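Colleague:
Number of protein chains: 2
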Amino acid sequence: MVELIQANDGAHLQDKSSETSLTDKDLRRRAMNVIPGGMFGHVNASQFPPGYPQFFTHGDGCRVWDADGREYLDLMCSWGPIVLGHRHPRVEEAVRQQLARGECLDGPAPVMVELAELMVETIDYADWALFCKNGTDATTWAVRIARVATGHRYVLVAKGSYHGIANWTVSTSSGFIPLEQRGTILFEYNNRASLEAAFAKAENDVAAVIVCPIRHDVHRDLELPKDDFVKGLRELCDARGTALIHDEVRCGLRLNHGGSWEPLGTAPDLGAWGKALGNGYGISAVVGTDAFRDAARVILATGSYWFAASPMAAAVATIKELERINAVQIMHDLGTQLQEGLRSQAQQWQLDVNVSGPPQLPFLTFHNDRDERLAFLWTKACIDRGVFLHPFHNWFLSAAHTPETIDKILEVTNQAFKIVATCHMDDGDVLSACE
Amino acid sequence: MVELIQANDGAHLQDKSSETSLTDKDLRRRAMNVIPGGMFGHVNASQFPPGYPQFFTHGDGCRVWDADGREYLDLMCSWGPIVLGHRHPRVEEAVRQQLARGECLDGPAPVMVELAELMVETIDYADWALFCKNGTDATTWAVRIARVATGHRYVLVAKGSYHGIANWTVSTSSGFIPLEQRGTILFEYNNRASLEAAFAKAENDVAAVIVCPIRHDVHRDLELPKDDFVKGLRELCDARGTALIHDEVRCGLRLNHGGSWEPLGTAPDLGAWGKALGNGYGISAVVGTDAFRDAARVILATGSYWFAASPMAAAVATIKELERINAVQIMHDLGTQLQEGLRSQAQQWQLDVNVSGPPQLPFLTFHNDRDERLAFLWTKACIDRGVFLHPFHNWFLSAAHTPETIDKILEVTNQAFKIVATCHMDDGDVLSACE
């Protein structure tokens with residue numbers, strides 16, 4: 001390979017075993033040759049402000065380091081998976097012990113049973129659990145189970161909600177064909193009338209309604225579910241023989257140590273879980289009630305790595321530690337500190353912002369922010385000063401943050417607000433010199 | 436959780452931190468409560484002969500141990516992923532070093548670029564690479580890329596071929612609806628006329644034909660691709676503006692260190708890779724030619740764990756080690772030793788068997804084997820004597836096997852043939868006393 005690189009670009013021979021010797025710029029240049037567009041997916045830095053790092057070398061607690069050696073206080077937590085902090089000692093030890101025995105064996109390791117029991121114990125409505133890899137695996141499997149259990153066909157999905165990248169999730173991305181998306185009907189989140197209309201459009205032949213516990217679509221403020229929507233969802237599903245599926249991939253284990261709607265006194269029939277479940281180790285899950293057990297039993301869904309043992313060991317350690325330290329409360333308090341600080345700072349700078357979301361999944365938008373230019377300017381100012389967050393996707397707290405790290409983050413956000421206040425024009429646009 | 440278990444079944448308090456203290460029977464009983472049917476997917480032991488182990492505690496080289504402490508020579512290699520042997524030192528060390536820095540960071544680690552470069556160097560037709568988790572992710576992503584690049588709609592799939600569990604793969608399992616499978620048209624593997632008919636049925640609006648490099652459907656002998664089929668595939672795809680996709684998930688890095696059809700002098704446009712790629716660590720990949728680079732660039736496909744670093748480090752170590760030791764040749768020689776031994780033994784016992792597949796993916800069926808009763812009897816006899824293989828799915832060699840371990844396996848298969856020969860009735864049935 002060394003020969004190939006030299007032949008391709010004449011670059012000086014680099015010691016690739018020492019990753020930190022490569023700059024972000026070096027890596028991007030090489031990546032452009034062998035990865036279409038240089039990167040893909042939600043981590044593709046080309047969609048973010050200039051200066052946004054592309055490659056990361058390590059993480060520790062609430063901190064990450066990029067390939068140029070820059071340190072960040074991490075408010076993205078790897079887009080959710082990191083809930084106890086990067087490389088949490090108890091999770092790492094559980095993984096290390098499992099890897100000393102084996103990762104991908106000819107069948108599951110005993111820890112799988114322990115994890116399934118722990119999920120049934122933890123999640124109010126869960127009578128059983130199944131494990132997979134992607135959030136998409138879990139949401140898709142849940143829909144299949146709903147179809148078998150109910151005998152119905154259609155799935156209702158809220159417009160703009162993200163449930164993964166399968167055909168039926170009706171992504172706006174390329175490469176899907178309408179021919180394969182005819183099983184899905186859209187409705188408006190938090191709008192009971194719209195939900196009823198979708199049922200009618202499907203002539204009540206609805207296997208499942210899938211919803212996130214809160215509305216956390218990209219490019220907009222987060223929204224809590226309204227009482228009448230929550231009530232209406234459960235009533236409509238019960239009345240029409242439809243399964244209610246919660247997509248807990250983003251909220252699960254952050255909003256509540258259990259089902260996210262448990263504090264609301266209502267529950268879905270099936271749930272798709274992921275992200276925080278394994279503190280960064282690749283695992284997702286479907287859980288459900290006894291009424292859906294037989295349907296879950298007859299479906300063949302599987303994958304080469306779905307029985308891998310170390311992510312299950314990581315998940316057991318993660319769930320136990322989250323409960324032991326009452327991580328939900330920790331993240332709630334830290335997030336509240338952050339949100340109150342942001343609101344107060346914006347007011348002092350006379351900036352019109354909306355700080356939204358439950359404290360554990362905070363987000364900030366600027367009013368009248370044409371093309372999100374203010375959000376990009378503010379985010380870039382934060383990134384440049386060592387706080388890693390996102391211009392158009394909600395952020396995540398972890399239990400590894402502390403009141404002191406939130407104070408440090410707020411020092412940076414205050415400087416970022418100052419820059420925006422200085423560059424802010426009345427029409428919501430930005431002085432181009434500031435960008 | 437301990438309280439819950441006691442309340443549920445009154446079982447004596449068990450030390451779950453010491454996994455090996457639990458028997459397979461204990462684990463199955465507990466699993467039955469919290470996992471629908473007790474297990475799911477391709478590892479579900481309920482579909483195999485009695486005595487087939489369900490839970491595994493560890494692996495080392497070409498050996499695995501079940502929860503009852505029984506040791507097996509492993510001819511399944513975890514259904515393919517284990518290509519260098521369980522817990523190969525170089526792969527484990529690469530994983531350990533990466534985990535010491537971080538697993539799931541806010542973006543990819545530098546090792547991602549090294550892996551993409553290595554795949555481009557290794558696979559004859561690959562100009563770029565993308566990474567995901569499941570084989571299903573890779574085959575589905577490849578089809579999406581083909582659709583964007585060609586502007587066509589349909590995908591042609593060989594009847595009985597397994598390309599994962601997405602709707603379009605037209606699994607026979609429950610929970611899919613015809614409404615979502617209308618983009619797929621079937622043809623017969625190794626049958627050029629059938630392929631032409633499928634093109635005609637799609638009115639040449641075909642984005643992709645996806646094929647495995649060999650025919651390795653379950654419940655039947657493996658089949659190598661015929662010359663005129665290979666030639667016809669390439670010609671038809673070229674003539675109709677259709678992408679040829681190889682599903683290399685099962686064959687990749689075992690049949691050839693590179694594309695599996697490289698020795699045939701022909702190549703696909705896109706390839707889906709997995710299994711052997713990471714020696715058991717969860718990673719899959721799409722690779723393709725420059726002509727498909729722009730289409731690959733515009734599609735959003737992503738997952739929370741697709742940028743996880745340790746499986747990429749594992750894949751780099753795996754590919755390098757496979758090349759260093761010429762693993763393809765090792766597995767070819769070992770598989771040949773196994774296949775010749777099996778043929779010779781069956782002849783001596785006057786049993787009518789077919790040993791099929793390339794040596795690296797061997798398989799054995801009995802002629803006139805009603806309901807696969809002979810296969811089950813023979814497999815059970817092997818399992819009981821410490822050789823782990825499968826009654827209706829091809830097996831896998833790894834580079835951790837040796838001529839001596841193949842000899843040991845053949846000692847066991849000889850005893851298993853003896854049992855079948857003793858119990859075999861003329862009509863292909865089995866004396867029920869033998870089962």
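Protein chains in written order, with this note's numbering: chain H, 1 to 435; chain L, 436 to 870.
Beta carbons are placed, not taken as given, at the ideal position from N, Cα and C, and that holds for glycine.
Note that the coordinates shown come from a computational prediction; the quantities given were computed from them, not determined experimentally.
Starting from His332(H), trace the alpha helix (DSSP H) in both directions and tell me its first and last residue.
Modeller: Counting along the chain, the unbroken alpha helix (DSSP H) around His332(H) starts and ends at 327-348.
Colleague: Helix, strand or coil for Arg240(H) per DSSP?
Modeller: helix
Colleague: Can you name, in chain order, every residue of its own chain whose Cβ lies under 7 Å from the Cβ of Val412(H), other than the five neighbours on each side?
Modeller: Here the set comprises Cys382, Arg385, Gly386, Val387.
Colleague: Check each residue of the stretch 283-307 of chain H: if its Cβ is closer than 9 Å to any Cβ of chain C, include it; give the result in chain order.
Modeller: Absence of chain C from the displayed structure is noted, the protein chains being H and L.
Colleague: Determine the burial state of Glu93(H): buried for a count of at least 16 other Cβ atoms within 10 Å of its Cβ, exposed for fewer.
Modeller: exposed
Colleague: Under the DSSP definition of a beta bridge, which residues are partnered with Glu658(L)?
Modeller: Arg650(L)
Colleague: Exposed or buried, Ser356(H), counting other C-beta atoms within 10 Å across all chains shown (16 or more means buried)?
Modeller: buried
Colleague: Just the C-alpha distance for Thr840(L) and Leu508(L), rounded to the nearest angstrom, thanks.
Modeller: A direct Cα-Cα distance of roughly 8 Å separates Thr840(L) from Leu508(L).
Colleague: With a cut-off of 7 Å, does the C-beta of Arg147(H) fall near any C-beta of chain L?
Modeller: Chain L contact via Cβ: present.
Colleague: Would you kindly work out how many angstroms separate the C-alpha atoms of Gln780(L) and Thr492(L), rounded to a whole number?
Modeller: 32 Å
Colleague: Against chain H, which members of the stretch 483-501 of chain L pass a CB distance test of less than 7 Å?
Modeller: Pro488, Gln489, Phe490, Phe491, Thr492, His493, Gly494, Val499
Colleague: Which whole-angstrom value describes the C-beta separation of Met567(L) and Ala573(L), a residue pair presumed to lie in contact below a C-beta threshold of 8 Å?
Modeller: Residue identity differs from the one stated: residue 567(L) is Cys in this sequence, not Met. About 6 Å; that satisfies the 8 Å criterion.
Colleague: According to DSSP, is His42(H) part of a helix, a strand, or is it coil?
Modeller: Three-state DSSP puts His42(H) in a helix.
Colleague: Counting only C-beta atoms, is Phe40(H) closer than 7 Å to chain L at any point?
Modeller: At least one beta carbon of chain L lies nearer than 7 Å to the beta carbon of Phe40(H).
Colleague: Quick test of the definition: if touching needs 3 or more C-beta pairs under 8 Å, does the stretch 573-585 of chain L touch the stretch 663-670 of chain L?
Modeller: no
Colleague: Is the CB of Ser453(L) under 7 Å away from at least one CB in chain H?
Modeller: In this prediction, Ser453(L) scores a pLDDT of 44, lower than 50, which makes its location untrustworthy; no coordinate-derived value is stated.
Colleague: Using a Cβ cut-off of 8 Å, pull out every chain H residue sitting near Pro543(L), in sequence order please.
Modeller: Met39, Val43, Gln54, Phe55, Phe56
Colleague: In angstroms, rounded to a whole number, what distance separates the CA positions of Asn414(H) and Asp729(L)?
Modeller: 41 Å
Colleague: Terminal residues of the continuous beta strand (DSSP E) containing Ala269(H)?
Modeller: According to the sequence shown, residue 269(H) is Asp rather than Ala. Per DSSP, Asp269(H) belongs to no beta strand (DSSP E) and is neither H nor E.
Colleague: Mind the definition here: the stretch 767-780 of chain L touches the stretch 805-813 of chain L only if three or more C-beta pairs lie below 8 Å; say whether that holds.
Modeller: no
Colleague: In chain H, what lies closer than 8 Å to Ile620(L) by C-beta?
Modeller: By Cβ distance, chain H contributes nothing, its closest Cβ being about 12 Å from Ile620(L), past 8 Å.
Colleague: Could you tell me if Gly69(H) is buried or exposed, where buried requires 16 or more neighbouring beta carbons within 10 angstroms of its beta carbon?
Modeller: exposed
Colleague: Contact defined as beta carbons within less than 8 Å: I believe Gly723(L) pairs with Ile580(L). What is the distance between those atoms, to the nearest angstrom?
Modeller: 7 Å
Colleague: In angstroms, rounded to a whole number, what distance separates the CA positions of Asp352(H) and Lys636(L)?
Modeller: 59 Å
Colleague: Taking 7 Å as the cut-off, decide whether the C-beta atoms of Tyr305(H) and Gly738(L) are in contact.
Modeller: Contact: no.
Colleague: DSSP state of Lys451(L), grouped into three classes?
Modeller: Legend: pLDDT at Lys451(L) = 39, less than 50; position of this residue unreliable, value from coordinates given subsequently. Residue state, collapsed to three classes: coil.
Colleague: Determine the closest residue to Thr771(L) out of Asp640(L), Pro794(L), His477(L), with distance taken between C-alpha atoms.
Modeller: When only C-alpha atoms are compared, the closest one is Pro794(L).
Colleague: Could you tell me the alpha carbon to alpha carbon distance between His332(H) and Ile82(H), rounded to whole angstroms?
Modeller: 16 Å
Colleague: Starting from Cys132(H), follow its DSSP beta bridges and name the residues at the other end.
Modeller: Ser284(H)
Colleague: Taking just the CA atoms, how far does Leu699(L) sit from Leu565(L)?
Modeller: 25 Å
Colleague: How many angstroms separate the CA atom of Ser513(L) from the CA atom of Glu506(L)?
Modeller: Whole-angstrom Cα-Cα distance: 15 Å.
Colleague: By the 10 Å Cβ neighbour count, where 16 or more other Cβ atoms means buried, how is Gly10(H) classified, buried or exposed?
Modeller: Note that Gly10(H) scores 32 on pLDDT, short of 50, meaning its location in the model is unreliable and no value can be drawn from it.
Colleague: Taking Phe491(L) as part of the beta strand (DSSP E), name the residues at either end of that continuous run.
Modeller: 491-495
Colleague: Using a C-beta to C-beta distance shorter than 9 Å, which residues of chain H count as neighbours of Ile457(L)?
Modeller: The residue asked about is misnamed: residue 457(L) is Leu in this sequence, not Ile. Neighbours of Leu457(L) on chain H, chain order: Pro110, Val113.
Colleague: From the DSSP output, read off the bridge partner residues of Arg498(L).
Modeller: Asp495(L), Leu508(L)
Colleague: Going by Cα to Cα distance, which pick from Asp704(L), Ser481(L), Arg675(L) is closest to His681(L)?
Modeller: Asp704(L)
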